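This report concerns only the one structure given below.
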Amino acid sequence: MAKELDKTYRPQGMEDRIYRKWIDKNYFHAEVDRTKTPFTIVIPPPNITGKLHMGHALDETMQDILIRFKRMQGYNALWQPGTDHASIATEVKIIEKLKEEGTSKEELGREGFLKRAWEWKKEYGGAITEQLKKLGSSCDWERERFTMDEGCNRAVNEVFLRLYKKGWIYKGAKIVNWCPVCQTTISDAEVEYETQASHLWHIKYPVIGTDRFIEFATTRPETMLGDTAVAVHPEDERYRDLIGKKVLLPIVNREIPVVADDYVDMEFGTGVVKITPGHDPNDFLVGKRHNLPLVNIMNDDATINENGGKYAGMDRMEARKAIVKELDGMGLLVKIEDYTHDVGTHDRCGTTVEPLVKDQWFVRMDEMIKPAAEGVRNGDIRLVPDRMKKTYFNWTDNIRDWCISRQLWWGHRIPAYTCDDCGELVVDSVRPEKCPRCGGVHLTQDPDSLDTWFSSALWPFSTLGWPEKTEELDYFYPTDVLVTGYDIIFFWVIRMIFSGYEQMGERPFKTVLFHGLVRDELGRKMSKSLGNGIDPLEIIEKYGADALRFTLVTGNSPGNDMRFSYDRVEASRNFANKIWNASRFILMNIGEGKTEKPDMSAFTDADKWILCKLNDTVREVTDNMEKYEMGIAAGKIHDFIWDFFCDWYIEMVKPRLYNTDDESSHQAARWTLKKVLTDALKLLHPFMPFVTEEIYCTLSEETGGEGYDSIMIAPWPAYSDELAFRKEAGDIDYIREAIRGVRNVRAQMNVAPSKKPELTVFSEEEEVREAFLKESLMTAALAGASAVKVTDFVPEELSDAVSVVTKHAAVYMPLAELVDIGEEIARLEKEEGRLKGELKRSDSMLHNEKFLSRAPKEKVEEEQRKRGEYEKMLSEVSERLRVLRKEM
RNA sequence: GGGAUCGUAGCUCAGCUGGGAUGAGCGUUCGCCUCACACGCGAGAGGCCACGGGUUCGAGCCCCGUCGAUCCCACCA
Numbered sequence: 001m002a003k004e005l006d007k008t009y010r011p012q013g014m015e016d017r018i019y020r021k022w023i024d025k026n027y028f029h030a031e032v033d034r035t036k037t038p039f040t041i042v043i044p045p046p047n048i049t050g051k052l053h054m055g056h057a058l059d060e061t062m063q064d065i066l067i068r069f070k071r072m073q074g075y076n077a078l079w080q081p082g083t084d085h086a087s088i089a090t091e092v093k094i095i096e097k098l099k100e101e102g103t104s105k106e107e108l109g110r111e112g113f114l115k116r117a118w119e120w121k122k123e124y125g126g127a128i129t130e131q132l133k134k135l136g137s138s139c140d141w142e143r144e145r146f147t148m149d150e151g152c153n154r155a156v157n158e159v160f161l162r163l164y165k166k167g168w169i170y171k172g173a174k175i176v177n178w179c180p181v182c183q184t185t186i187s188d189a190e191v192e193y194e195t196q197a198s199h200l201w202h203i204k205y206p207v208i209g210t211d212r213f214i215e216f217a218t219t220r221p222e223t224m225l226g227d228t229a230v231a232v233h234p235e236d237e238r239y240r241d242l243i244g245k246k247v248l249l250p251i252v253n254r255e256i257p258v259v260a261d262d263y264v265d266m267e268f269g270t271g272v273v274k275i276t277p278g279h280d281p282n283d284f285l286v287g288k289r290h291n292l293p294l295v296n297i298m299n300d301d302a303t304i305n306e307n308g309g310k311y312a313g314m315d316r317m318e319a320r321k322a323i324v325k326e327l328d329g330m331g332l333l334v335k336i337e338d339y340t341h342d343v344g345t346h347d348r349c350g351t352t353v354e355p356l357v358k359d360q361w362f363v364r365m366d367e368m369i370k371p372a373a374e375g376v377r378n379g380d381i382r383l384v385p386d387r388m389k390k391t392y393f394n395w396t397d398n399i400r401d402w403c404i405s406r407q408l409w410w411g412h413r414i415p416a417y418t419c420d421d422c423g424e425l426v427v428d429s430v431r432p433e434k435c436p437r438c439g440g441v442h443l444t445q446d447p448d449s450l451d452t453w454f455s456s457a458l459w460p461f462s463t464l465g466w467p468e469k470t471e472e473l474d475y476f477y478p479t480d481v482l483v484t485g486y487d488i489i490f491f492w493v494i495r496m497i498f499s500g501y502e503q504m505g506e507r508p509f510k511t512v513l514f515h516g517l518v519r520d521e522l523g524r525k526m527s528k529s530l531g532n533g534i535d536p537l538e539i540i541e542k543y544g545a546d547a548l549r550f551t552l553v554t555g556n557s558p559g560n561d562m563r564f565s566y567d568r569v570e571a572s573r574n575f576a577n578k579i580w581n582a583s584r585f586i587l588m589n590i591g592e593g594k595t596e597k598p599d600m601s602a603f604t605d606a607d608k609w610i611l612c613k614l615n616d617t618v619r620e621v622t623d624n625m626e627k628y629e630m631g632i633a634a635g636k637i638h639d640f641i642w643d644f645f646c647d648w649y650i651e652m653v654k655p656r657l658y659n660t661d662d663e664s665s666h667q668a669a670r671w672t673l674k675k676v677l678t679d680a681l682k683l684l685h686p687f688m689p690f691v692t693e694e695i696y697c698t699l700s701e702e703t704g705g706e707g708y709d710s711i712m713i714a715p716w717p718a719y720s721d722e723l724a725f726r727k728e729a730g731d732i733d734y735i736r737e738a739i740r741g742v743r744n745v746r747a748q749m750n751v752a753p754s755k756k757p758e759l760t761v762f763s764e765e766e767e768v769r770e771a772f773l774k775e776s777l778m779t780a781a782l783a784g785a786s787a788v789k790v791t792d793f794v795p796e797e798l799s800d801a802v803s804v805v806t807k808h809a810a811v812y813m814p815l816a817e818l819v820d821i822g823e824e825i826a827r828l829e830k831e832e833g834r835l836k837g838e839l840k841r842s843d844s845m846l847h848n849e850k851f852l853s854r855a856p857k858e859k860v861e862e863e864q865r866k867r868g869e870y871e872k873m874l875s876e877v878s879e880r881l882r883v884l885r886k887e888m
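Numbered per my numbering, the first sequence spans residues 1 to 888.
And the structure:
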């Protein structure tokens, strides 16, 4: 490590070096230790196909901030990492690759395909975790898991078996969402609705035995091939006489009944609906109620099947056109209207989803959802921000059974077997040796695999060893906080919650902390198609992971989307540079071994002031962190370091170090500098782990440290009553006010910086005079003065001086030769006006009977105190004006 | 059709259970290469807190409407 710090902060190289050190020292690893309180976070496992994007960066950063904070607080902090096999996403990628190679899934066969998939996982599956490391993520990599590793696999099979035994997993023919391109079913959550411009085709069918026609409207005319009824509302006068009659389904020439069902909306269209139980979820239900036959007219690739007669083999969209044309030819097409409606598409590939009836596996949700809803309702699980409950309950209140089988190969294979001999269905967590009914040894496993979320639902406990009763599970479960985006509530959060309650009998986590989306500079979603994605790795390369992390959490609150901009990263990088240089200053001014704490009498008010501010910052930041207000915490740390520490304290200390030779006072300054820097670095460490580590270690090496090899294992700063120097801090705040006032007037009056007048501070309060006297050297330096005198009367010779009036003191500058008296009078008049206004405001409140009687006492007292101050300042300013006017 | 979020300085956003908007960063204006830092220092300018009501001694914050932006959910063919 460099003996001293370079002039400019340069994260390149440094971050990787530090990360390697942390890994080598095994700091991220957590073991069961009953003497310590655990704090656990499970990572939302990134897909193995994934490439680090800003969403991950935000998610990981928030988790790392929490885990580092808790680790420093002394918790046994475990951040459990791992990756997700992402069944369909991965399978699609591999299929693409096979296509490039001129082969296919079918050609390789199931076994060959899976072999390829595992190879693929081995080759690319680690990329995402390597990228997480670039961010500084302090995951316990020794415990890294994968949703399809042996343990997770066992957990999946075990849960499947348990739920099956309970009767909560069943197989049944129901209408499901089918993706004709991916050739698999998908769950309701995977369907994305997209508004499309289309048409409403008005068609009529002849009513048998009459010369009438019954007219209706449809958005999918091709499905008429599978119609098995036409429905009207039972109370609809227009059609009452037709109920029970038959109509002739054209083209197919099938006779179908007119049924009456409440489902029909009389107001919509003609009040007639064609019923296609095989291809519409509502029609499916109507069909059940009326015992209608079910006709499937589609193949798995969405072409029309043999039930479509002459249209067999035609694509669904082609068939639509052809059928409309044919109906038109028959005179049965009444009209075509423009119509926009929401069409279900597959969130992975954008293909229009086809509802059709398939024999699939489902999880019954009605019972399992109850404890999950209750757990959030009664606060067993807390959602941050609170409003996410509404989204959550919206889902739990309307939950439907979960279709879990997928016609995919990459994933957990459904642990259900059919006996080749007797046809018995056997479900077990391990492959049965023989059929329990007939003893046959030939059993065929269900070819389907499970929805990828089935395994991620078990993640909080499967990663800790479940179904084994491991020490880890006992100790680290339930986990403390889950950090994730609000867009994943129903996919994942709800499913983990009901799985946790059902399998473990306990909540999977105590708190869910939601974050929003990271958008681009214009507020648009970052997406591949827009090409507006910003690569976090590029940002890290250029500005450092610390700058990226800080940018992602500042100025942001839980659950809200944020915009990403280069300007903000630059600001964060500049902040890192600021700390870097402040540290350089401190290192240059602290000699080796000279930072033992001197006697309290050696400390100046300035020292006590910064220690007091530090102390307050420690308390507030800790409090914000406990409440998951990371953005606020980051802001406070930023302000403390930049404003209080760098802009004020370091400047206050310079004249002392450079222009005095009181060794014990120097020592107090050095001790304070080091103490404040060290604690500030600790507060900042969760946010900017790398720079803080680099500086902390350099500081330790150069000046002797606290005995920790790394800031990440050093204790979090604690609030201390001993550092609450309220009086001194208040005095320094008055002095700062005076300094600011002087600087202000100088700038306003264009006084050259080289001009260093002698200042006279006048105050009627003895304590204030003492405070200024004690800090006169510092005050003079910061105000650009040659010296500061303190008096309890205003000397005659200063009658024409420029004056700055503050609450507790007035500062006189003999600048009459530089400043026009007229201007000074104008300035003071403005000030006088301002003070009069303030006084008026104060008086209006204090004369308000209701304010006096109803406002809390402290508020009234505060207002009275303010009024007193204004009155004093006003009389001071008026007096100055009187004197100056006489001078003219 | 339900529900949520947002509307505060030119821009991007904070604003703790209601108590004077001394809010932050960027931008901007005026001075400064002051021996930690020009990725910087000092000093400014800039805000009917979307609009209209209400509750209150007091509202950016609470309640009710209106307008505008965004998002989620939903089986109206």
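We put the beta carbon where it would ideally sit given N, CA and C, even for glycine. Treat the numbers as computed from the prediction; the structure is a model and nothing was measured.
Looking at the strands, I want to know which residues DSSP matches up with Y812.
Position 812 of the first sequence holds residue 812. According to DSSP, which records beta bridges pairwise, Y812 is partnered with T760 and S803.
In DSSP terms, what Y193 is bridged to
As a working mapping, residue 193 is identified with position 193 in the first sequence. Answer is G344.
Nearest-angstrom Cβ-Cβ length linking T218 and F146, presumed shorter than 8 Å
On the first sequence, position 218 is the one that residue 218 refers to. On the first sequence, position 146 is the one that residue 146 refers to. Rounded, the Cβ-Cβ distance is 47 Å, inconsistent with contact.
According to DSSP, simplified to helix, strand and coil, what is H685?
Numbered from 1 along the first sequence, position 685 holds the residue referred to as residue 685. Note: H685 maps to coil in three-state DSSP.
Between the beta-carbon of W716 and the beta-carbon of M72, is there less than 7 Å?
Translated into the one-based positions of the first sequence, residue 716 becomes position 716. Translated into the one-based positions of the first sequence, residue 72 becomes position 72. Against a cut-off of 7 Å, the Cβ pair of M72 and W716 comes out as a contact.
Who are E255's beta bridge partners in DSSP?
Against the first sequence, residue 255 aligns to sequence position 255. Paired residue(s): L248.
Got a sec? Which residues, its chain only, sit under 6 Å from E876 by beta carbon, not counting five neighbours each side?
In the first sequence, the residue the question calls residue 876 occupies position 876. Contacts found: V805 and A810.
I'd like the span of the alpha helix (DSSP H) that includes Q503, first residue to last.
Here residue 503 refers to the residue found at position 503 of the first sequence. First-last for Q503: undefined, no H or E at that position.
In terms of alpha-carbon separation, which member of H53, V252, D33 and Y19 lies closest to L552?
For this step, residue 552 is matched to residue 552 along the first sequence. The shortest C-alpha separation from L552 is found at H53.
Do D64 and S138 have their C-beta atoms within less than 7 Å of each other?
To locate residue 64, count along the first sequence from 1; it is residue 64. To locate residue 138, count along the first sequence from 1; it is residue 138. In this structure, S138 lies closer than 7 Å to D64 by Cβ.
Cβ-based burial, L522 [other Cβ within 10 Å; buried from 16]
Start at 1 with the first residue of the first sequence, and residue 522 comes out as number 522. Under a 10 Å Cβ-count criterion, L522 is classified as exposed, with fewer than 16 other Cβ atoms of the shown protein chains found around its own Cβ.
Decide yes or no for the touch test of the segment 404-423 against the segment 447-454: beta carbon pairs closer than 8 Å, at least 3 of them.
yes
Applying the 10 Å Cβ sphere with the 16-neighbour rule, what's the burial state of E693?
Counting from one through the first sequence, the residue named residue 693 turns up at place 693. Answer is buried; the Cβ neighbour count reaches 16.
Cα-Cα, which of N556, Y263 and W580 is closest to Y628?
The residue you call residue 628 lines up with position 628 of the first sequence. Nearest of N556, Y263 and W580 to Y628, Cα basis: N556.
Going by Cα to Cα distance, which pick from I336, C179, E767 and E326 is closest to T791?
The sequence position of residue 791 within the first sequence is 791, counting from 1. Checked all of I336, C179, E767 and E326; the closest Cα to T791 is E767.
Find the nearest neighbour of R495 within the set L458, G707 and E192, judged by alpha-carbon distance.
Residue mapping note: residue 495 aligns to position 495 of the first sequence, counting from 1. Measuring from the Cα of R495, the nearest candidate turns out to be L458.
Quick one: give me the first and last residue of the beta strand (DSSP E) that I214 is part of.
Locating residue 214 in the first sequence gives position 214, where the first residue counts as 1. It spans F213 to T218 - the beta strand (DSSP E) in which I214 sits, taken as one unbroken run.
Which complete alpha helix (DSSP H) runs does the segment 125-168 hold, if anything under 4 residues is left out?
127-134 and 150-165
Could you tell me the distance, in whole angstroms, from the CA atom of R834 to the CA atom of E770?
In the first sequence, counting from the first residue as 1, residue 834 sits at position 834. In the first sequence, counting from the first residue as 1, residue 770 sits at position 770. Their Cα atoms are separated by approximately 29 Å.
Any idea if A2 is buried or exposed, counting beta-carbon neighbours within 10 angstroms, 16 or more meaning buried?
By 1-based counting over the first sequence, the position of residue 2 is 2. Because the pLDDT at A2 is just 40, under 50, the model does not fix this residue reliably, and the value given afterwards should be weighed accordingly. A2 is exposed by the Cβ-count criterion.
Leaving out the 5 sequence neighbours to the left and right, which residues in its chain are closer than 6 Å to D33 when beta-carbon positions are compared?
Along the first sequence, one-based indexing puts residue 33 at 33. Around D33: N76.
Helix, strand or coil for D605? Go by DSSP, reduced to three states.
As a working mapping, residue 605 is identified with position 605 in the first sequence. Looking at D605 - three-state DSSP - the assignment turns out to be helix.
Whether I175 touches V357 by CB criterion (7 Å)
In the first sequence, the residue the question calls residue 175 occupies position 175. In the first sequence, the residue the question calls residue 357 occupies position 357. Closer than 7 Å, so yes.
Please determine, among V481, I610 and A545, the residue with the shortest C-alpha to C-alpha distance to P38.
As a working note, residue 38 is residue 38 in the first sequence. Closest option to P38, Cα to Cα, is V481.
Taking DSSP's pairing of strands, which residues face W178 in a bridge?
On the first sequence, position 178 is the one that residue 178 refers to. Paired residues: T185 and E354.
Can you give me the start and stop residues for the beta strand (DSSP E) that G485 sits inside?
Numbered from 1 along the first sequence, position 485 holds the residue referred to as residue 485. T479 to G485 is the extent of the beta strand (DSSP E) around G485.
What does a CB cutoff of less than 8 Å around M873 pick up in its chain, not counting 5 residues either side in sequence?
For the purposes of this step, residue 873 is identified with residue 873 of the first sequence, where counting begins at 1. Excluding the 5 residues flanking it on each side, M873 has same chain C-beta neighbours closer than 8 Å at V805, T806, K807 and L835, in chain order.
Determine the DSSP secondary structure at G13, reduced to helix, strand or coil.
Working through the first sequence from its first residue, we reach residue 13 at position 13. G13: coil per DSSP, three-state reduction.
Need the endpoints of the beta strand (DSSP E) that K789 sits in, please.
Here the question's residue 789 lines up with position 789 in the first sequence. First-last of the beta strand (DSSP E) with K789: A787 to T791.
Which residues share a DSSP beta bridge with F362?
Within the first sequence, residue 362 is the residue found at index 362, counting from 1. Paired residues: Y170 and C403.
Range covered by the alpha helix (DSSP H) that runs through Y719
One-based indexing of the first sequence puts residue 719 at position 719. Careful: Y719 lies outside any alpha helix (DSSP H) and carries neither H nor E.
Considering Cα atoms alone, identify which of L285, P281 and R320 is closest to G344.
Working through the first sequence from its first residue, we reach residue 344 at position 344. That would be P281, whose Cα lies nearest to the Cα of G344.
Can you tell me whether DSSP reads G379 as helix, strand or coil?
To locate residue 379, count along the first sequence from 1; it is residue 379. In this structure, G379 counts as coil in the three-state DSSP scheme.
Going by DSSP in three states, E468 sits in which element: helix, strand or coil?
Position 468 of the first sequence, counted from the first residue, corresponds to residue 468. The answer is coil: DSSP assigns E468 none of H, G, I, E or B.
Roughly how many angstroms separate the alpha carbons of E879 and E728, rounded to a whole number?
The residue labelled residue 879 in the question sits at position 879 within the first sequence. The residue labelled residue 728 in the question sits at position 728 within the first sequence. Approximately 30 Å, taken between the alpha carbons.
Tell me whether L884 is buried or exposed, calling it buried when 16 or more other Cβ atoms sit within 10 Å of its Cβ.
Residue numbering aside, residue 884 sits at position 884 when the first sequence is read from its first letter. Counting Cβ neighbours within 10 Å, L884 comes out buried, since at least 16 surround it.
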